[in-house]
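Read the structure below first, then the notes.
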Amino acid sequence: MSFSVINEGNLPKAIVVIGPTAVGKTEYAIEIAERYNGEIVSADSMQIYRGLDIGTAKPSVEELARVPHHMIGFVDPAREYSAAKYREDAAAIIFDIRARGRLPVICGGTGLYINALIYDMDFSGTGKDEAIRGKYEELADVYGSMYIYGILKERDPEGAERIHPNNKKRIIRALERLETGGESEGLHEFERSFVPGSLFDPVLILLERSREELLIRIDARVDRLIATGLEEEVRGLIDAGLGSGHISMLGIGYKELMRYL
Numbered sequence: 085m086s087f088s089v090i091n092e093g094n095l096p097k098a099i100v101v102i103g104p105t106a107v108g109k110t111e112y113a114i115e116i117a118e119r120y121n122g123e124i125v126s127a128d129s130m131q132i133y134r135g136l137d138i139g140t141a142k143p144s145v146e147e148l149a150r151v152p153h154h155m156i157g158f159v160d161p162a163r164e165y166s167a168a169k170y171r172e173d174a175a176a177i178i179f180d181i182r183a184r185g186r187l188p189v190i191c192g193g194t195g196l197y198i199n200a201l202i203y204d205m206d207f208s209g210t211g212k213d214e215a216i217r218g219k220y221e222e223l224a225d226v227y228g229s230m231y232i233y234g235i236l237k238e239r240d241p242e243g244a245e246r247i248h249p250n251n252k253k254r255i256i257r258a259l260e261r262l263e264t265g266g267e268s269e270g271l272h273e274f275e276r277s278f279v280p281g282s283l284f285d286p287v288l289i290l291l292e293r294s295r296e297e298l299l300i301r302i303d304a305r306v307d308r309l310i311a312t313g314l315e316e317e318v319r320g321l322i323d324a325g326l327g328s329g330h331i332s333m334l335g336i337g338y339k340e341l342m343r344y345l
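When you read off a place in the sequence shown, starting at 1, and then add 84, the result is the number in my numbering.
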């Protein structure tokens with residue numbers, strides 16, 4: 085693969101490695117960083133938390149030693165952390181990496197975090213309303229995500245098309261914005277947010293594998309996570325006072341094991 089595109093322009097360059105779960109982003113990003121004097125900036129919304137190591141598939145000690153990594157394990161899991169705060173923290177790190185003459189290699193992970201960096205997204209919308217959010221959380225718990233998705237589809241069919249029916253968190257956020265910010269306005273502001281960003285000029289690399297291969301790799305990863313102590317990790321987090329009310333415990337693997345335990 086040629087990287088002749090990595091040249092100075094009006095904005096500093098940064099490599100952004102994206103792709104589905106278990107496609108191999110971590111190893112690929114490390115190889116890019118090693119080859120081009122780079123440093124890794126994680127864009128994974130779960131890897132930011134301390135103590136959530138196994139289930140988030142954080143880079144191993146050996147991988148962390150190969151190149152510098154940032155935005156991993158620096159947030160207390162009891163604390164709420166937003167995409168807006170991620171943009172602020174990650175941008176400062178990216179500018180520092182560039183100032184030292186090195187190449188930022190962003191690796192993720194979480195689509196909203198990636199978008200927060202490569203687009204000038206507007207995070208100044210209405211704040212959260214606990215009563216409204218709680219109402220829809222309860223409806224989702226009782227009747228399922230498809231029920232509240234149906235409510236959203238009635239209220240804003242066009243907006244609902246942009247959200248997966250199983251994405252409970254985003255469905256609730258959309259319904260909350262609809263109720264607090266006027267009909268459809270809360271959703272349409274996302275469309276206006278997708279304009280080219282001003283932080284850096286991204287070179288996007290999308291990794292792909294066949295669905296069959298991904299399923300095999302995901303199955304192998306789940307077996308590996310269980311074998312290396314994911315259940316014990318979740319037990320320890322619960323014993324430390326964490327539960328379903330904490331965003332950090334809503335990641336894939338953690339919320340399922342919490343229900344099991």
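Positions of the beta carbon are idealized from the N, C-alpha and C atoms, including for glycine.
Beta-carbon separation (whole angstroms), residue i vs residue j, contact threshold 8 Å
i: Pro-286; j: Ala-98; result: 6 Å
i: Ile-178; j: Val-125; result: 6 Å
i: Lys-142; j: Gly-157; result: 7 Å
i: Gly-139; j: Arg-186; result: Going by Cβ atoms, the distance from Gly-139 to Arg-186 rounds to 30 Å, so no, they are not a contact pair.
i: Leu-298; j: Ala-106; result: 6 Å
Buried versus exposed call for residue i [16 or more other C-beta atoms within 10 Å across all chains shown]
i: Tyr-344; result: exposed
i: Tyr-34; result: Within the shown structure, residues of the chain are numbered from 85 to 345, placing residue 34 beyond reach of any answer.
i: Arg-308; result: exposed
i: Asp-128; result: buried
i: Glu-267; result: Residue confidence for Glu-267 is low, a pLDDT of 47 falling below 50, so the modelled location carries little weight; the figure read from the coordinates is stated next. Result: exposed.
i: Asp-303; result: exposed
i: Pro-241; result: exposed
i: Val-101; result: buried
Residue i - DSSP class collapsed to helix/strand/coil
i: Ser-144; result: coil
i: Pro-152; result: coil
i: Val-189; result: strand
i: Val-159; result: strand
i: Pro-104; result: coil
i: Ser-294; result: coil
i: Gly-320; result: helix
i: Gly-228; result: coil
i: Thr-264; result: helix
i: Tyr-165; result: coil
i: Gly-139; result: coil
i: Arg-246; result: coil
i: Ser-328; result: coil
i: Arg-343; result: helix
i: Glu-269; result: Only weak support is given to the placement of Glu-269: the predicted model assigns it a pLDDT of 45, under 50, and the question is left unresolved by the model.
i: Thr-312; result: coil
Cross-strand partners of residue i (DSSP beta bridge)
i: Ala-98; result: Pro-286
i: Pro-280; result: Tyr-203
i: Val-125; result: His-154, Ile-190
i: Tyr-133; result: Val-159
Legend entry - the segment 231–241 in contact with the segment 149–165 per 3-pair CB rule at 8 Å: Contact between the segment 231–241 and the segment 149–165 is absent, because fewer than three Cβ pairs lie under 8 Å.
Inset, instruction - Decide yes or no for the touch test of the segment 136–156 against the segment 239–257: beta carbon pairs closer than 8 Å, at least 3 of them. - result: no
Inset, instruction - Please determine if the segment 215–231 and the segment 128–140 are in contact, where contact requires at least 3 C-beta pairs separated by less than 8 Å. - result: Contact between the segment 215–231 and the segment 128–140 is absent, because fewer than three Cβ pairs lie under 8 Å.
Legend entry - Stretch pair the segment 284–304 + the segment 104–117: three plus CB contacts closer than 8 Å: yes
Legend entry - Cβ contact (3+ pairs, closer than 8 Å) linking the segment 134–143 and the segment 314–324: yes
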